[in-house]
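Novice:
Residue numbers (the numbering used here): 7 to 120.
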């Protein structure tokens, strides 16, 4: 299974981007789908997750600005990012967590200019 992340780019502070992550084939027994990010020189950090039941959790810095959603039929997870800040600049990775293991996407670059 491969995850294809897309939607990253260069945006000015205050702007918006919508990230998408689609699986190359159907994935069964998904527990949750999420997004992580890694800024230059920093460790990868959690951003948001949505469970199979639709429960969402966000890192504090994303609350009120980011919205995670999923399309189960398409095995796709989205991250709507509004009011972007320069500190949101990072490579964003999607992750699908299943009973049998986890899958990671290849990452998509988000750059927010001030």
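Just so it is clear, CB atoms sit at the ideal spot from N, CA and C, and this is done for glycine as well.
1. Give me the DSSP bridge partner(s) of residue 108.
2. Leaving out five residues before and five after residue 96 in sequence, what residues of the same chain have Cβ atoms less than 7 Å from its Cβ?
3. Measuring only the C-alpha atoms, how far is residue 81 from residue 120?
4. Report yes or no: is there a C-beta of chain D within less than 8 Å of the C-beta of residue 52?
5. By the three-class DSSP mapping on this structure, what secondary structure does residue 26 have?
6. For a test of the three-state rule: what should DSSP assign to residue 78, helix, strand or coil?
Specialist: Once the coordinates are examined:
1. 103
2. Correct list, in chain order: 43, 44, 45, 116.
3. 34 Å
4. Annotation note: the requested chain D is absent from the structure, which comprises a single protein chain.
5. strand
6. helix
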